[in-house]
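Numbering (my numbering), first residue to last: 1305 to 1521. Cβ atoms here follow ideal geometry from the backbone N, Cα and C, with glycine treated the same way. Let me begin by presenting the structure, written as structure tokens, before commenting on it.
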Amino acid sequence: MRLVIMGPPGAGKGTQAVMIAEEYSIPHISTGDIFRKNLKEGTPLGLKAKEYMDKGLLVPDEVVVEIVKDRLVKDDCKDGFLLDGFPRTVAQANALDHVLEDMNMGLDKVINIDVDKDVLIQRAVGRRVCAGCGATYHVRFNPSKKVGECDVCAGKVIQRDDDREETVVKRIEVYLEQTLPLIQYYKSRGLLVSINGEHEIQRVFEDITRAVGSGSE
Ligand code: ADP
Ligand code: ADP
Ligand code: ZN
């Protein structure tokens, strides 16, 4: 299965992506996670990305595209993958089409998670992540069992720098301007499945797997 999951910041992409990747046994490729990992390791890429991330802006297309290209040629992507948070611009979507064409591949589905703006802000501002393994929690909707401690690895659960309300509002603006056009882009190619992301986590997951199917049809 070759999948993309898209939606505004805080829609639940990452939460669902972990579950979908397991369900279909495909690697979960999150460009946001790649940038955060690089930042943690202090690489030049991480430092460059941070300049944009802290302002709620998109990292330049050419930087992101190179990273995704390098990732998709790895062996574990041969039988499928799930891209989370990429593409985010029409230029990135075009670049992805070319990369996949060169590999004689195409996307099976693009999952679009739809959530109202007020809910997005609540979700992103209440989001907490594990500094160790990246697991995602929410202070109200999906808390870790012990406050501040990750259920998976016992790492420290913290707030992302870019999840402050003013940055979240900016990120939603950037989404509406630069990423929203992708809905039409994938709709016109017959790839889009839109999912109501306002239900609870398990229900959203069931709706996604029902819409995506087993991949054999
Ligand atoms: P969210 O899950 O809230 O949508 P992500 O973790 O996907 O956020 O992304 C965090 C930040 O990383 C973005 O605000 C942006 O600065 C950068 N980023 C991630 N993916 C991309 C991309 N495909 N293109 C440009 N910037 C990106
Ligand atoms: P994205 O990757 O799209 O930015 P996340 O998966 O990180 O979104 O989810 C944003 C926040 O909302 C997290 O704190 C997560 O625990 C919470 N969340 C995700 N899905 C739901 C849901 N269906 N209902 C309530 N909270 C959710
Ligand atoms: Zn953890």
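| Item | Value |
| --- | --- |
| What number of angstroms, rounded off, separates the C-alpha of residue 1489 from the C-alpha of residue 1450? | 43 Å |
| Suppose only complete runs of 4+ residues qualify. What are the alpha helix (DSSP H) ranges in the stretch 1344-1395, listed by chain order? | 1348-1357 and 1365-1376 |
| Taking the alpha carbon of residue 1385 as the point to measure from, which residue in 1468, 1515 and 1329 has its own alpha carbon closest? | 1329 |
| Between residue 1505 and ligand 2, is there a pair consisting of the residue's CB and a ligand heavy atom that are separated by less than 7 Å? | yes |
| Between residue 1446 and ligand 2, is the CB less than 7 Å from at least one heavy atom? | yes |
| So does residue 1402 have its beta carbon nearer than 7 Å to some heavy atom of ligand 2? | no |
| Just the Cα atoms here: how many angstroms apart are residue 1455 and residue 1444? | 16 Å |
| Taking 6 Å as the limit between beta carbons, can you name the residues of its chain near residue 1324, skipping five residues before and five after? | 1386 |
| Does DSSP put residue 1310 in a helix, in a strand, or in coil? | strand |
| Please classify residue 1437: is it buried, with 16 or more other beta-carbons within 10 angstroms of its beta-carbon, or exposed? | exposed |
| Could you check what DSSP says for residue 1486 in three-state terms: helix, strand or coil? | helix |
| Check whether the Cβ atoms of residue 1420 and residue 1498 lie closer than 8 Å to each other. | no |
| Work out the CA separation of residue 1448 and residue 1458 for me, nearest whole Å. | 10 Å |
| Output needed for residue 1313: all residues of its chain with C-beta closer than 7 Å, excluding positions within five of it in sequence on either side, in chain order. | 1424, 1428, 1472, 1475, 1476 and 1479 |
| Mapping DSSP to helix, strand and coil, what is residue 1442? | strand |
| Taking 6 Å as the limit between beta carbons, can you name the residues of its chain near residue 1452, skipping five residues before and five after? | 1461 |
| May I ask which residues mark the beginning and end of the beta strand (DSSP E) holding residue 1257? | The first residue shown for the chain is 1305 and the last is 1521, placing residue 1257 beyond what the model contains. |
| Decide if the stretch 1345-1354 is in contact with the stretch 1398-1413; the criterion is three or more beta carbon pairs, one per stretch, under 8 Å apart. | no |
| Does DSSP classify residue 1453 as helix, strand or coil? | strand |
| Hey, how far is the Cα of residue 1369 from the Cα of residue 1491? | 22 Å |
| Given 7 Å as the limit, tell me if residue 1319 has its C-beta closer than that to any heavy atom belonging to ligand 2. | yes |
| Between residue 1411 and residue 1360, what straight-line distance do the alpha-carbon atoms span, to the nearest angstrom? | 28 Å |
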